[in-house]
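I have placed the structure first, in the form of structure tokens, so that the comments after it can refer back to it.
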Amino acid sequence: MSVSFKFKEYNSNIFGSVRRPVAEVLFQHQKDKSWQPINMLVDTGADYTLLPHFLAESLGINLLKDCKIINTQGVGGSSKVYLLKRKIKARLGEFRRKIPVGFLSNDFIPPLLGRQEFFETFKVIFEKFSITFE
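Residue numbers (the numbering used here): 359 to 492.
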């Protein structure tokens, strides 16, 4: 069983346009148990999945009650992250996992699909502007 996504084209100030590996991942809302689709940048450099601040409310998460605050380092410097105290249910095609998720204190980065307990559990193939998870 596998699921594939074509890269999405984005405007770039440097290159005019770029194609990025974006996958639709569904996360389970913490209260009503509905599935919320989120288009995520597949980031081989992200240790764990990070979402922008505004998505916490969309998933029924109270950042102050449901998370612990940590600091993280990345290419853009350091940031405050609200790390969910429990794992959240995520779905990629028919694949289901319970994964750790953090929420940044801002909305300036896209949702990043990280490795910890999710990305690393698949054979991932980047080929000819598409990404396949097996």
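Here a beta-carbon is modelled for each residue, glycine too, at the ideal position from N, C-alpha and C.
Every value quoted in this text rests on a predicted model; they were computed, and no experiment measured them.
Note to self: Let me make sure I understand the geometry here. Which of Tyr406, Lys456, Gly460 and Gln431 has the alpha-carbon closest to that of asparagine 420?
What the structure shows: In the sequence shown, counting from the first residue as 1, residue 420 sits at position 62. Asparagine 420 has its Cα closest to that of Gly460, out of Tyr406, Lys456, Gly460 and Gln431.
Note to self: For glutamate 478, report the span of its beta strand (DSSP E) as first-last.
What the structure shows: Here residue 478 refers to the residue found at position 120 when the sequence shown is read from its first residue. Element bounds for glutamate 478: n/a, residue is neither H nor E.
Next item on the list: Identify which residue in Lys364, Glu492 and Arg449 has its Cα closest to the Cα of isoleucine 396.
Entry: Here residue 396 corresponds to residue number 38 of the sequence shown, with the count starting at 1. The option with the nearest alpha carbon to isoleucine 396 is Arg449.
Check: Between the C-alpha atoms of proline 410 and arginine 378, what's the straight-line distance to the nearest angstrom?
Finding: As a position in the sequence shown, residue 410 is number 52, starting the count at 1. As a position in the sequence shown, residue 378 is number 20, starting the count at 1. Using only the alpha carbons, I get a separation of about 18 Å.
Checklist line | Cβ contact (3+ pairs, closer than 8 Å) linking the region 415-429 and the region 360-372 | finding: Note that the region 415-429 does not touch the region 360-372; fewer than 3 beta-carbon pairs, one per stretch, sit closer than 8 Å.
Checklist line | Closest by C-alpha distance to arginine 444, when choosing among Ser437, Pro458 and Gly451 | finding: Walking along the sequence shown from the start, residue 444 turns up at place 86. Taking only the C-alpha atoms, the option nearest arginine 444 is Pro458.
Item checked: Where valine 376 falls, given that 16 or more other Cβ within 10 Å makes a residue buried -> Looking up residue 376 in the sequence shown gives position 18. Answer is exposed; the Cβ neighbour count stays below 16.
Item checked: Spatially closest choice to isoleucine 467 from Leu384, Ala404 and Gly374, by CA coordinates -> Taking the sequence shown and counting its residues from 1, the one referred to as residue 467 is at position 109. Nearest option by C-alpha distance: Ala404.
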